[in-house]
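*Asks:*
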Amino acid sequence: MPIYSMTGFARVQMRAHDQLSYTLSLKSVNHRFLDVQVRIPNGLDVLEVELRKALKDALVRGHVDVTLNVDRTAQQRAGYDRELVAGYVAAFTAARDEFGLTGEPDLNAILRLPGALQSDNRGDDDLTILADSVREQIHPLLEELKIMRAREGEALKQILIATLDRLTQATDGVAELRPEIEQRFQDRLTQRLLAATGPEFNRQRLLEEVAVIVERSDVSEELARMHTHIGHFRELLEGGGEVGKKLDFLLQEMNREANTMLSKTGGVGGKGTRMTELGLAMKAEIEKAREQIQNVE
80 MPIYSMTGFA RVQMRAHDQL SYTLSLKSVN HRFLDVQVRI PNGLDVLEVE
130 LRKALKDALV RGHVDVTLNV DRTAQQRAGY DRELVAGYVA AFTAARDEFG
180 LTGEPDLNAI LRLPGALQSD NRGDDDLTIL ADSVREQIHP LLEELKIMRA
230 REGEALKQIL IATLDRLTQA TDGVAELRPE IEQRFQDRLT QRLLAATGPE
280 FNRQRLLEEV AVIVERSDVS EELARMHTHI GHFRELLEGG GEVGKKLDFL
330 LQEMNREANT MLSKTGGVGG KGTRMTELGL AMKAEIEKAR EQIQNVE
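Residue 113 in our numbering sits at position 34 of the sequence shown, with consecutive numbering throughout.
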């Protein structure tokens with residue numbers, strides 16, 4: 080199963096009948112959850128509900144804009160209810176004459192009366208034909224969107240794999256330096272403590288205390304956990320599906336291990352500087368990966 084990017088676009092242009100065509104487009108970008116915005120003409124409320132359900136069934140995360148633009152090549156014919164308008168004018172004229180008033184009937188007011196304006200039945204028919212056509216197109220269009228999201232997801236996957244390779248190299252580099260750094264840390268700490276306590280101090284007790292401090296500075300557990308996290312990350316990438324949130328959590332754990340390694344190995348000097356450089360490189364790769372997976376479904 081592929082991993083999916085949340086970035087994608089799909090569009091279809093169709094002709095519902097000779098005088099009615101439309102463009103239906105889907106555009107998705109990253110979002111923490113599934114957020115659907117539908118922009119369609121008035122009178123298609125039922126269709127909007129169906130579109131939202133179709134997207135919810137097909138997608139897991141992302142902000143998705145659904146836009147339906149309609150183009151009519153012929154205008155609807157409009158008319159008026161002659162009997163209703165004539166009755167209003169007659170009533171206005173009679174009331175004016177009876178009470179000795181002045182004024183003329185207001186055509187704008189007349190045409191705003193319920194039922195005064197009429198149109199042919201093509202408007203309702205058009206909406207029905209339009210809705211049926213959109214229903215036929217939405218699922219193929221969603222498949223097209225998913226194909227594009229999968230293609231973008233594959234590109235993200237390759238970027239993440241390259242990042243993991245560099246992160247593995249940095250982790251292995253720290254592991255190679257660890258024995259020498261620990262010995263250097265122990266020698267340096269022993270010299271400082273001997274200088275501070277003088278020759279009368281129990282040397283054996285001093286070395287035992289140094290060993291305890293050095294053990295607390297050991298980064299072997301952090302390295303082991305880092306390798307485990309990297310391996311799990313690779314497995315999730317290969318497994319595919321909805322993995323964005325899981326990958327983000329793993330990167331948080333990796334960043335924690337890198338921070339711990341840096342805090343334990345700082346200030347040693349010599350090759351300890353190289354270990355610090357590797358730790359900072361690990362953090363940089365983790366941050367790059369976190370930027371990329373913000374767009375993984």
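Here a beta-carbon is modelled for each residue, glycine too, at the ideal position from N, C-alpha and C. Bear in mind the structure is a predicted one, so any value in this text is a computation, not a measurement.
(1) Specify the secondary structure class of residue 112 as computed by DSSP and reduced to three states.
(2) Please classify residue 179: is it buried, with 16 or more other beta-carbons within 10 angstroms of its beta-carbon, or exposed?
(3) Where does the unbroken alpha helix (DSSP H) through residue 323 begin, and where does it stop?
(4) Can at least three beta-carbon pairs, one atom from the segment 354 to 365 and one from the segment 330 to 342, be found at a separation below 8 Å?
(5) What residues are listed by DSSP as bridge partners for residue 299?
(6) For residue 308 versus residue 333, is the C-beta spacing smaller than 8 Å?
(7) Report yes if the C-beta distance between residue 254 and residue 302 is below 8 Å; otherwise report no.
(8) Considering only the alpha carbon of each residue, which of 360, 318, 219 lies closest to residue 336?
(9) Using three-state DSSP, classify residue 187 as helix, strand or coil.
(10) Reducing DSSP to helix, strand and coil, say where residue 85 ends up.
(11) Is there at least one Cβ from chain B nearer than 8 Å to residue 216's Cβ?
(12) Does the distance from the C-beta atom of residue 106 to that of residue 136 stay below 8 Å?
(13) How is the beta strand (DSSP E) around residue 147 delimited, first residue to last?
*Replies:* By the coordinates alone:
(1) coil
(2) exposed
(3) 323 to 344
(4) yes
(5) None, per the DSSP bridge assignment.
(6) yes
(7) yes
(8) 360
(9) helix
(10) coil
(11) Looking at the structure shown, chain B is missing, and only one protein chain is on hand.
(12) no
(13) 141 to 151
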